[in-house]
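Residue numbers (this note's numbering): 48 to 311.
Glycine residues also receive a C-beta, built at the ideal position from the N, C-alpha and C atoms.
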Amino acid sequence: MEKIPNLRTVNVTRYITPLREGGSLPALAEADDDFKYVLKFKGAGHGVKALIAELIGGEIARVLNLKMPELVYANLDEAFGRSEADEEIQDLLQGSQGLNLALHFLSGAITFDPVVTVVDPKLASQIVWLDAFITNVDRTFRNTNMLIWHKELWLIDHGASFYFHHSWTNWEKHAQSPFALIKDHVLLPQASLLKETDAIFKEILTDEVLQSIVNLIPLEWLEWEDSNETPEAIRDVYFQFLSIRLKHSEIFINEAQNARETLI
48 MEKIPNLRTV NVTRYITPLR EGGSLPALAE ADDDFKYVLK FKGAGHGVKA
98 LIAELIGGEI ARVLNLKMPE LVYANLDEAF GRSEADEEIQ DLLQGSQGLN
148 LALHFLSGAI TFDPVVTVVD PKLASQIVWL DAFITNVDRT FRNTNMLIWH
198 KELWLIDHGA SFYFHHSWTN WEKHAQSPFA LIKDHVLLPQ ASLLKETDAI
248 FKEILTDEVL QSIVNLIPLE WLEWEDSNET PEAIRDVYFQ FLSIRLKHSE
298 IFINEAQNAR ETLI
(Lines of atoms letter the chains of each structure in order from A and count residues from 1; the text may use other names and numbers.)
(Lines give C-alpha, C1' and ligand atoms only; values in the text may rest on other atoms or scores of the structure.)
Protein backbone atom coordinates (compact mmCIF):
# COMPACT_ATOMS: atom_id res chain seq x y z
CA MET A 1 0.00 0.00 0.00
CA GLU A 2 1.41 3.40 -0.98
CA LYS A 3 2.13 5.90 1.77
CA ILE A 4 0.52 9.27 1.15
CA PRO A 5 2.74 11.88 2.82
CA ASN A 6 1.12 14.38 5.14
CA LEU A 7 2.67 17.08 7.31
CA ARG A 8 1.38 18.64 10.50
CA THR A 9 1.50 22.39 11.08
CA VAL A 10 2.81 23.77 14.36
CA ASN A 11 3.13 27.33 15.65
CA VAL A 12 6.56 28.34 16.91
CA THR A 13 6.29 29.64 20.47
CA ARG A 14 9.91 30.02 21.56
CA TYR A 15 13.24 30.61 19.83
CA ILE A 16 15.78 28.79 22.00
CA THR A 17 19.19 29.06 20.33
CA PRO A 18 20.90 29.08 16.93
CA LEU A 19 22.41 25.65 16.23
CA ARG A 20 25.50 26.61 14.25
CA GLU A 21 27.11 29.47 12.46
CA GLY A 22 26.64 29.79 8.73
CA GLY A 23 24.36 31.17 6.08
CA SER A 24 21.24 29.29 7.07
CA LEU A 25 21.34 29.80 10.85
CA PRO A 26 18.94 26.98 11.75
CA ALA A 27 17.67 27.19 15.31
CA LEU A 28 16.42 25.05 18.12
CA ALA A 29 12.86 26.15 18.82
CA GLU A 30 9.78 25.06 20.71
CA ALA A 31 6.28 24.84 19.26
CA ASP A 32 2.74 24.85 20.61
CA ASP A 33 2.68 21.04 20.73
CA ASP A 34 5.43 21.25 23.42
CA PHE A 35 8.01 19.53 21.21
CA LYS A 36 11.38 20.94 20.27
CA TYR A 37 12.32 21.31 16.61
CA VAL A 38 15.27 22.19 14.43
CA LEU A 39 13.78 25.15 12.60
CA LYS A 40 14.80 26.01 9.02
CA PHE A 41 13.95 29.57 7.97
CA LYS A 42 12.66 30.66 4.59
CA GLY A 43 14.32 34.04 5.21
CA ALA A 44 17.81 32.50 5.33
CA GLY A 45 20.49 31.71 2.77
CA HIS A 46 18.87 30.04 -0.23
CA GLY A 47 15.41 30.84 1.09
CA VAL A 48 12.40 28.76 0.13
CA LYS A 49 14.41 26.64 -2.33
CA ALA A 50 16.38 25.11 0.55
CA LEU A 51 13.08 24.38 2.33
CA ILE A 52 11.63 22.79 -0.81
CA ALA A 53 14.72 20.58 -1.14
CA GLU A 54 14.52 19.68 2.54
CA LEU A 55 10.85 18.80 2.21
CA ILE A 56 11.06 16.73 -0.98
CA GLY A 57 14.28 14.95 -0.02
CA GLY A 58 13.11 14.18 3.49
CA GLU A 59 9.72 12.86 2.45
CA ILE A 60 11.23 10.67 -0.29
CA ALA A 61 13.55 9.22 2.37
CA ARG A 62 10.55 8.54 4.62
CA VAL A 63 8.57 6.81 1.87
CA LEU A 64 11.62 4.60 1.28
CA ASN A 65 11.56 3.61 4.98
CA LEU A 66 14.78 5.41 5.84
CA LYS A 67 14.90 6.95 9.30
CA MET A 68 13.99 10.65 9.18
CA PRO A 69 12.90 12.98 11.99
CA GLU A 70 9.32 14.11 11.49
CA LEU A 71 9.05 17.16 9.23
CA VAL A 72 6.43 19.78 10.06
CA TYR A 73 5.35 23.12 8.68
CA ALA A 74 6.34 25.69 11.28
CA ASN A 75 4.35 28.89 11.37
CA LEU A 76 6.05 32.09 12.56
CA ASP A 77 3.70 34.84 13.71
CA GLU A 78 4.56 38.38 12.59
CA ALA A 79 5.12 39.42 16.20
CA PHE A 80 7.61 36.61 16.79
CA GLY A 81 11.19 37.70 17.38
CA ARG A 82 10.58 41.38 18.12
CA SER A 83 12.17 40.92 21.53
CA GLU A 84 15.23 39.14 20.13
CA ALA A 85 18.35 41.10 21.08
CA ASP A 86 20.57 39.82 18.26
CA GLU A 87 19.87 42.02 15.23
CA GLU A 88 20.88 39.36 12.68
CA ILE A 89 18.54 36.81 14.26
CA GLN A 90 15.76 39.39 14.57
CA ASP A 91 16.07 40.16 10.84
CA LEU A 92 16.00 36.44 10.08
CA LEU A 93 12.85 35.94 12.14
CA GLN A 94 11.13 38.98 10.67
CA GLY A 95 11.99 37.80 7.17
CA SER A 96 10.58 34.35 7.86
CA GLN A 97 7.01 35.19 8.82
CA GLY A 98 4.53 32.57 7.68
CA LEU A 99 5.32 28.94 6.93
CA ASN A 100 8.80 27.56 7.52
CA LEU A 101 10.00 23.98 7.88
CA ALA A 102 11.14 22.16 10.99
CA LEU A 103 12.49 18.75 11.92
CA HIS A 104 11.68 17.02 15.17
CA PHE A 105 14.68 17.49 17.49
CA LEU A 106 16.31 14.15 18.36
CA SER A 107 17.43 14.87 21.90
CA GLY A 108 20.67 13.10 22.79
CA ALA A 109 21.54 12.14 19.22
CA ILE A 110 25.21 12.13 18.23
CA THR A 111 26.77 12.90 14.86
CA PHE A 112 27.46 9.83 12.75
CA ASP A 113 31.18 9.06 12.61
CA PRO A 114 32.17 6.65 9.81
CA VAL A 115 35.31 5.70 11.72
CA VAL A 116 33.28 4.54 14.73
CA THR A 117 30.15 3.11 13.08
CA VAL A 118 30.14 0.73 10.12
CA VAL A 119 26.95 0.82 8.06
CA ASP A 120 25.82 -2.44 6.45
CA PRO A 121 25.81 -2.68 2.62
CA LYS A 122 22.01 -2.65 2.30
CA LEU A 123 21.47 0.56 4.27
CA ALA A 124 24.56 2.22 2.75
CA SER A 125 23.27 1.41 -0.75
CA GLN A 126 19.84 2.79 0.07
CA ILE A 127 21.25 6.09 1.31
CA VAL A 128 23.69 6.46 -1.59
CA TRP A 129 20.85 5.71 -4.02
CA LEU A 130 18.65 8.37 -2.38
CA ASP A 131 21.35 11.03 -2.51
CA ALA A 132 22.24 10.25 -6.13
CA PHE A 133 18.56 10.46 -7.03
CA ILE A 134 17.92 13.81 -5.34
CA THR A 135 21.40 15.16 -6.21
CA ASN A 136 22.32 15.76 -2.57
CA VAL A 137 25.82 17.24 -2.49
CA ASP A 138 26.06 17.24 1.30
CA ARG A 139 26.63 13.77 2.77
CA THR A 140 30.42 13.69 2.83
CA PHE A 141 33.14 12.74 5.31
CA ARG A 142 33.44 16.42 6.15
CA ASN A 143 29.73 16.80 6.84
CA THR A 144 27.88 13.48 7.11
CA ASN A 145 24.43 14.93 7.88
CA MET A 146 23.47 11.75 9.70
CA LEU A 147 22.84 11.11 13.36
CA ILE A 148 22.96 8.08 15.63
CA TRP A 149 19.87 8.07 17.83
CA HIS A 150 18.79 5.07 19.90
CA LYS A 151 21.48 3.05 18.10
CA GLU A 152 19.91 3.70 14.69
CA LEU A 153 21.07 5.83 11.78
CA TRP A 154 18.90 8.87 11.04
CA LEU A 155 19.12 11.18 8.03
CA ILE A 156 18.96 14.97 8.35
CA ASP A 157 19.56 18.05 6.21
CA HIS A 158 18.54 17.61 2.58
CA GLY A 159 18.48 21.34 1.86
CA ALA A 160 21.48 21.11 -0.49
CA SER A 161 19.64 18.73 -2.84
CA PHE A 162 18.14 19.59 -6.24
CA TYR A 163 20.83 22.17 -6.89
CA PHE A 164 19.49 22.64 -10.43
CA HIS A 165 16.74 24.84 -9.01
CA HIS A 166 19.15 27.64 -8.12
CA SER A 167 19.60 28.44 -11.80
CA TRP A 168 16.36 26.87 -13.10
CA THR A 169 17.78 26.32 -16.58
CA ASN A 170 18.24 23.06 -18.47
CA TRP A 171 16.39 21.14 -15.79
CA GLU A 172 15.69 18.32 -18.26
CA LYS A 173 19.45 17.90 -18.75
CA HIS A 174 20.01 17.93 -14.99
CA ALA A 175 17.32 15.27 -14.57
CA GLN A 176 19.44 12.88 -16.63
CA SER A 177 22.81 13.88 -15.19
CA PRO A 178 25.10 11.18 -13.75
CA PHE A 179 25.77 13.27 -10.60
CA ALA A 180 29.56 13.01 -10.46
CA LEU A 181 29.70 14.39 -6.90
CA ILE A 182 28.48 11.03 -5.60
CA LYS A 183 32.20 10.12 -5.53
CA ASP A 184 32.47 12.11 -2.27
CA HIS A 185 29.62 10.29 -0.49
CA VAL A 186 30.62 9.07 2.96
CA LEU A 187 28.87 5.70 2.53
CA LEU A 188 29.89 4.94 -1.05
CA PRO A 189 32.58 2.37 -0.09
CA GLN A 190 29.92 0.21 1.63
CA ALA A 191 27.27 0.65 -1.09
CA SER A 192 27.66 -2.68 -2.87
CA LEU A 193 23.95 -3.31 -3.54
CA LEU A 194 23.01 -0.32 -5.69
CA LYS A 195 21.37 -2.25 -8.54
CA GLU A 196 19.29 -4.33 -6.14
CA THR A 197 18.28 -1.17 -4.31
CA ASP A 198 17.40 0.53 -7.58
CA ALA A 199 14.95 -2.21 -8.56
CA ILE A 200 13.17 -2.06 -5.18
CA PHE A 201 13.01 1.73 -4.91
CA LYS A 202 11.72 2.20 -8.46
CA GLU A 203 8.72 0.07 -7.55
CA ILE A 204 8.00 2.14 -4.43
CA LEU A 205 8.39 5.58 -6.03
CA THR A 206 5.49 5.58 -8.45
CA ASP A 207 4.50 8.79 -10.22
CA GLU A 208 1.54 8.99 -7.83
CA VAL A 209 3.85 8.91 -4.81
CA LEU A 210 6.21 11.49 -6.33
CA GLN A 211 3.29 13.76 -7.19
CA SER A 212 1.90 13.50 -3.67
CA ILE A 213 5.28 14.55 -2.25
CA VAL A 214 5.62 17.50 -4.63
CA ASN A 215 2.06 18.53 -3.77
CA LEU A 216 3.25 19.11 -0.19
CA ILE A 217 5.14 22.25 -1.25
CA PRO A 218 3.16 25.20 0.17
CA LEU A 219 1.93 27.75 -2.34
CA GLU A 220 3.76 30.57 -0.58
CA TRP A 221 7.08 28.78 -1.22
CA LEU A 222 6.38 28.77 -4.98
CA GLU A 223 5.83 32.49 -5.52
CA TRP A 224 9.33 33.32 -6.71
CA GLU A 225 10.22 36.94 -7.35
CA ASP A 226 12.94 35.94 -9.83
CA SER A 227 10.61 33.81 -11.96
CA ASN A 228 7.73 34.51 -14.33
CA GLU A 229 6.44 30.96 -13.97
CA THR A 230 3.27 30.22 -12.05
CA PRO A 231 3.44 28.18 -8.82
CA GLU A 232 1.71 25.34 -10.67
CA ALA A 233 4.38 25.38 -13.39
CA ILE A 234 7.20 25.40 -10.83
CA ARG A 235 5.62 22.52 -8.95
CA ASP A 236 5.30 20.56 -12.19
CA VAL A 237 9.01 21.00 -12.97
CA TYR A 238 9.91 19.38 -9.64
CA PHE A 239 7.61 16.46 -10.44
CA GLN A 240 8.92 16.08 -13.98
CA PHE A 241 12.52 16.25 -12.74
CA LEU A 242 11.89 13.40 -10.28
CA SER A 243 9.88 11.31 -12.72
CA ILE A 244 12.41 11.61 -15.55
CA ARG A 245 15.37 11.03 -13.23
CA LEU A 246 13.80 7.88 -11.84
CA LYS A 247 13.06 6.49 -15.31
CA HIS A 248 16.73 6.97 -16.21
CA SER A 249 18.17 5.84 -12.88
CA GLU A 250 20.78 3.66 -14.59
CA ILE A 251 22.64 6.89 -15.42
CA PHE A 252 23.30 7.83 -11.80
CA ILE A 253 23.61 4.20 -10.66
CA ASN A 254 26.39 3.52 -13.17
CA GLU A 255 28.16 6.72 -12.10
CA ALA A 256 28.00 5.67 -8.44
CA GLN A 257 29.21 2.15 -9.18
CA ASN A 258 32.13 3.42 -11.25
CA ALA A 259 33.07 5.91 -8.53
CA ARG A 260 32.91 3.15 -5.93
CA GLU A 261 35.21 0.90 -7.96
CA THR A 262 37.89 3.58 -7.99
CA LEU A 263 37.67 3.76 -4.18
CA ILE A 264 37.95 0.07 -3.43
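| Check | Outcome |
| --- | --- |
| Pair within 9 Å by beta-carbon distance, L252 and L202 | no |
| Three-pair Cβ contact test at 8 Å for the region 233 to 246 versus the region 169 to 177 | yes |
| Cβ pair L146, A121 closer than 9 Å | yes |
| N-terminal and C-terminal residue of the beta strand (DSSP E) that L139 is part of | Here L139 belongs to no beta strand (DSSP E); instead the alpha helix (DSSP H) covers 134 to 141. |
| Local conformation of H151 per DSSP, three classes | strand |
| Exposure label - K89; buried when at least 16 CB within 10 Å | buried |
| CB of I281 within 9 Å of CB of S274, strictly | yes |
| Contacts around T187, its chain only, beta-carbon distance under 8 Å, and the 5 residues preceding and following it disregarded | D231, H232, V233 |
| Rounded Cβ spacing between T182 and S208 (contact assumed at less than 8 Å) | 6 Å |
| Integer-rounded CB distance, given that W176 should sit under 8 Å from L47 | The requested residue 47 is not part of the displayed model; the chain covers only 48 to 311. |
| Beta-carbon proximity of W196 to A156, cut-off 9 Å | yes |
| CB-CB length for L75 against V85, believed under 8 Å | 6 Å |
| Sub-9 Å separation of F199 and K83 beta-carbons | The question names Phe, yet the displayed sequence has Glu at residue 199. Result no, Cβ atoms of E199 and K83 do not sit closer than 9 Å. |
| Short Cβ contact (9 Å threshold) for S296 with K249 | yes |
| As assigned by DSSP and simplified to three states, the class of V165 | coil |
| Beta carbon of W268 nearer than 9 Å to that of V95 | yes |
| Span of the alpha helix (DSSP H) around L200 | It is not in any alpha helix (DSSP H) - L200 instead sits in the beta strand (DSSP E) that spans 199 to 202. |
| Euclidean distance between Cα positions of F286 and L263 | 11 Å |
| P73 - DSSP class collapsed to helix/strand/coil | coil |
| Per-residue burial, A108 [other beta carbons within 10 Å of its own, 16 or more giving buried] | buried |
| Buried versus exposed call for T244 [16 or more other C-beta atoms within 10 Å across all chains shown] | buried |
| V85 (DSSP reduced to helix, strand or coil) | strand |
| Simplified DSSP assignment, three categories, for A121 | strand |
| I251, enclosing alpha helix (DSSP H) - first and last residue | 241 to 251 |
| P65 versus L111, A222, N305, A91, residue with shortest Cα-Cα distance | A91 |
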